[in-house]
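Colleague: Numbering (our numbering), first residue to last: 3 to 391. Glycine residues also receive a C-beta, built at the ideal position from the N, C-alpha and C atoms. For clarity, every value in this text was computed on a predicted model and none was experimentally measured. Supplied in structure tokens, the structure appears directly below.
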Amino acid sequence: MLLESCDVTVIGAGPAGVMAAWKAASSGASTILLERETDPGRKVCAEGVLGGVLSDAEIEPSSEFVANKISGAVLYAPNEKKRVNVAGEGLILDKPSFLGVLAKRASGCGAAVRYGNLIEEIGRDDGHVILKGRKSGETFTLRTKVVIGCDGVGSLLARRFFARNKYVAITALQYYMTDCTIEDETKLEIYVGHEKAPSGYIWVFPKGDGDANVGIGLKGGNARQLLDRFIAQHPKAFSKAKIGKTLAAPVPVGGEVAEFVIDNMMLCGDAAGQVIPLTGAGIHTSLVAGKVAGEVAGESVQVGDASASQLYRYVERFDRLFGERIENSLKALESFERFSDHDLNIITELLEGQDLMDMANGLKPNRAVGLLVRHPILAMKVAYQLLTS
Ligand SMILES: Cc1cc2nc3c(=O)[nH]c(=O)nc-3n(C[C@H](O)[C@H](O)[C@H](O)COP(=O)(O)OP(=O)(O)OC[C@H]3O[C@@H](n4cnc5c(N)ncnc54)[C@H](O)[C@@H]3O)c2cc1C
3 MLLESCDVTV IGAGPAGVMA AWKAASSGAS TILLERETDP GRKVCAEGVL
53 GGVLSDAEIE PSSEFVANKI SGAVLYAPNE KKRVNVAGEG LILDKPSFLG
103 VLAKRASGCG AAVRYGNLIE EIGRDDGHVI LKGRKSGETF TLRTKVVIGC
153 DGVGSLLARR FFARNKYVAI TALQYYMTDC TIEDETKLEI YVGHEKAPSG
203 YIWVFPKGDG DANVGIGLKG GNARQLLDRF IAQHPKAFSK AKIGKTLAAP
253 VPVGGEVAEF VIDNMMLCGD AAGQVIPLTG AGIHTSLVAG KVAGEVAGES
303 VQVGDASASQ LYRYVERFDR LFGERIENSL KALESFERFS DHDLNIITEL
353 LEGQDLMDMA NGLKPNRAVG LLVRHPILAM KVAYQLLTS
């Protein structure tokens, strides 16, 4: 059994992990990034991000990992009579390539990036963390000062060492489809309504040339049945389309966990519930969480202090950037869950596209409430649900 030591170990090479390893290694800390899969980006994702994500990831756009450029979104009311156009630039990534590029950057800065390495056990020993894992049938042991759990919804680190009260994950199912006939391949399409997707939504994210990620996120209900019904009900877009891959994975939508830092240990990204709850978007938040956690891990190695109070700087910095947005979006999700499809039809009639997107993303909820005064009963419902908690 190989025994190895390092300053910082990152578990999971998703968006959070590749950033954490990059920042920790760049600070001079000896860093190992361990990923159980043999290649980057195996987890299913619709791959959509808003503008600004790449600059937060400190990387220039490249055709190597940008599949399609997006100029806005179209949100369909439950009855599909009203289409709300939302302006705003975004990208559909080729996420496996994106993660591959970011992992290479981490390795270029000194991180040891290891695919096909599964962590199976985590314990403590004399102020250090001991990780036991397996690669190609061989076991290995690592001794590290700081461990960053970027290991997603099922995080082993979270399960062993963190309470994760109120952690809620919903099911998301996605088809990778080809030969679709999409009206405008520069627009994301979002369909809401409890009949279509209970407490969730259906998305069509075009990747260009008739390819698209078509998926559903929902609470309860039969995801496959509802997605198949949606596809059958939209023959214009899908009558010639073929389903390539079908993949499912959970999305955490319960907001940030109460505690994501303890002595020697931090949780990032999905593992910590750092997702915008109403949209289920977690690439941006995870990239930023990983970046900040990697920086803080590096600082803690430099000062020789891996206590919770030193690592807590990560919580403070991340929450300054995203804490309020995640909280506001959670309130918006909780209130939208209580609206009937009839209410949602009215809301989409009353609000401007940008207001709806801002609410979903946890930005400026008061403005949306202000706009709803044109429909007083609904306004009272929204105001009550958004502004109390
Ligand atoms: C169907 C679907 C569609 C989505 N669409 C979007 C979207 O369009 N835009 C958006 O912003 N977000 C989207 N998301 C959410 C987004 O994918 C996640 O929020 C984001 O990937 C979280 O990043 P992460 O690094 O925290 O975790 P993950 O991406 O889950 O990465 C965790 C990594 O840890 C590895 N791992 C786990 N356990 C171990 C272990 N014991 N040992 C070693 N490695 C381990 C896993 O293999 C994985 O690679 C979607 C999610 C789903 C399920």
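Could you pull out every residue in the same chain whose Cβ sits closer than 6 Å to the Cβ of Gly135, ignoring the five residues on either side in sequence?
Modeller: Closer than 6 Å at Cβ, skipping near neighbours: Asn119, Leu120, Ile121, Glu122 and Phe142.
Colleague: Residues in its own chain within less than 6 Å of Glu339 by CB, not counting five upstream and five downstream?
Modeller: Hits under 6 Å: Ser201.
Colleague: Taking 6 Å as the limit between beta carbons, can you name the residues of its chain near Arg319, skipping five residues before and five after?
Modeller: Once the five neighbours on either side are set aside, the close Cβ partners of Arg319 are Val294.
Colleague: For Lys209, does the count of other Cβ atoms within 10 angstroms reach 16, so buried, or fall short, so exposed?
Modeller: That one is buried.
Colleague: Put Val131 into one of helix, strand or coil per three-state DSSP.
Modeller: Strand at Val131.
Colleague: Between Gly275 and ligand 1, is the CB less than 6 Å from at least one heavy atom?
Modeller: Gly275 Cβ: outside cutoff for every heavy atom of ligand 1.
Colleague: Indicate whether Gly257 and Ile328 have their beta-carbon atoms separated by less than 7 Å.
Modeller: Going by C-beta atoms, Gly257 is nearer than 7 Å to Ile328.
Colleague: By a C-beta neighbour count over all protein chains shown, 10 Å radius and 16 as the cutoff for buried, is Lys333 buried or exposed?
Modeller: Buried: at least 16 other Cβ atoms inside 10 Å.
Colleague: Return the residue from the list Thr248, Arg145, Leu346 and Val12 that minimises the CA-CA distance to Gln176.
Modeller: Gln176 has its Cα closest to that of Thr248, out of Thr248, Arg145, Leu346 and Val12.
Colleague: Does the distance between the C-beta of Val46 and the nearest non-hydrogen atom of ligand 1 fall short of 6 Å?
Modeller: Yes; taking the cut-off as 6 Å, the Cβ of Val46 has a heavy atom of ligand 1 nearer than that.
Colleague: Spatial neighbours of Ser288 within its chain, please: C-beta separation below 7 Å, excluding the five flanking residues on both sides.
Modeller: Only Gly16, Pro17, Ala18, Cys270, Gly271, Asp272 and Gln276 meet the Cβ criterion.
Colleague: Measure the C-alpha to C-alpha separation of Trp205 and Val216 and round it to an integer number of angstroms.
Modeller: Between Trp205 and Val216, the C-alpha separation is close to 6 Å.
Colleague: What's the gap between the Cα of Glu6 and the Cα of Ile132?
Modeller: Roughly 10 Å between the two C-alpha positions.
Colleague: Can you list, in chain order, the residues of its chain with a C-beta nearer than 6 Å to that of Ser391? Leave out the 5 residues immediately preceding and following it.
Modeller: With a pLDDT of 40 at Ser391, under the threshold of 50, the modelled position of this residue cannot be trusted, and the question is left open.
Colleague: With DSSP collapsed to three states, give me the class of Val263.
Modeller: In this structure, Val263 counts as strand in the three-state DSSP scheme.
Colleague: Which residue wins for smallest C-alpha separation from Arg166, given the options Gly156, Ala214, Pro63 and Asn70?
Modeller: It is Gly156.
Colleague: Over the uninterrupted beta strand (DSSP E) stretch that includes Ala171, give me the two end residues.
Modeller: Start and end: Ala171 to Thr180.
Colleague: Apart from the five residues on each side of it in sequence, which residues of its chain come closer than 6 Å, Cβ to Cβ, to Ala243?
Modeller: Excluding positions up to five away in sequence, the list reads Met179, Asp181 and Cys182.
Colleague: Which same chain residues end up closer than 7 Å to Tyr316 when comparing Cβ atoms and leaving out the 5 residues on each side of it in sequence?
Modeller: Closer than 7 Å at Cβ, skipping near neighbours: Val263, Met268, Val294, Ala295 and Val298.
Colleague: At which residues does the beta strand (DSSP E) containing Thr248 begin and terminate?
Modeller: Run containing Thr248: Lys244 to Pro254, per the beta strand (DSSP E) assignment.
Colleague: Among Val103, Tyr169, Ala23 and Thr350, which residue has its Cα nearest to the Cα of Ile61?
Modeller: Ranking Val103, Tyr169, Ala23 and Thr350 by Cα distance to Ile61 puts Val103 first.
Colleague: Put Ile233 into one of helix, strand or coil per three-state DSSP.
Modeller: Helix at Ile233.
Colleague: Tell me where the beta strand (DSSP E) around Ala75 begins and ends.
Modeller: From DSSP, the beta strand (DSSP E) with Ala75 extends over Val68 to Tyr78.
Colleague: Using the C-alpha atoms, what's the distance from Asn87 back to Met21?
Modeller: Cα to Cα, Met21 sits roughly 33 Å from Asn87.
Colleague: Starting from Pro98, follow the alpha helix (DSSP H) in both directions and report where the run begins and ends.
Modeller: Pro98 -> alpha helix (DSSP H) spans Lys97 to Gly110.
Colleague: Is any heavy atom of ligand 1 found at a distance shorter than 6 Å from the C-beta of Ile13?
Modeller: Ile13: yes, Cβ under 6 Å from ligand 1.
Colleague: Return the Cβ separation of Pro254 and Ser331 in integer angstroms, given the expectation that the two are a contact with Cβ distance under 8 Å.
Modeller: That belief does not hold up - the Cβ atoms of Pro254 and Ser331 are roughly 12 Å apart, past 8 Å.
Colleague: If you compare alpha carbons, which of Phe232, Ile94 and Arg38 is closest to Cys152?
Modeller: Of Phe232, Ile94 and Arg38, the residue nearest in Cα terms is Arg38.
Colleague: Is the beta carbon of Ser57 within less than 6 Å of some heavy atom of ligand 1?
Modeller: Ser57 Cβ: outside cutoff for every heavy atom of ligand 1.
Colleague: Quick one: Cα of Pro98 to Cα of Lys137, how far?
Modeller: Cα to Cα, the separation comes out at about 21 Å.
Colleague: Taking C-alpha atoms, which residue in Asp128, Ser28 and Gly195 lies nearest to Asn81?
Modeller: Nearest of Asp128, Ser28 and Gly195 to Asn81, Cα basis: Gly195.
Colleague: Cβ of Gly90 less than 7 Å from any chain B Cβ?
Modeller: The chain inventory of the structure shown lacks chain B, comprising one protein chain alone.
Colleague: Could you pull out every residue in the same chain whose Cβ sits closer than 7 Å to the Cβ of Leu313, ignoring the five residues on either side in sequence?
Modeller: If we look at Leu313 and ignore the five residues flanking it on each side, its Cβ neighbours are Val263, Met268, Val298 and Ser302.
Colleague: When every heavy atom of ligand 1 is checked, does at least one fall within less than 6 Å of the C-beta of Asp153?
Modeller: It does: the Cβ of Asp153 is within 6 Å (strictly closer) of some heavy atom of ligand 1.
Colleague: Under 6 Å: does the beta carbon of Leu120 sit that close to some heavy atom of ligand 1?
Modeller: Indeed, a heavy atom of ligand 1 lies less than 6 Å from the Cβ.
Colleague: With a 10 Å radius around its C-beta and 16 neighbouring C-beta atoms as the bar for buried, classify Pro63 as buried or exposed.
Modeller: With fewer than 16 other Cβ atoms within 10 Å, it is exposed.
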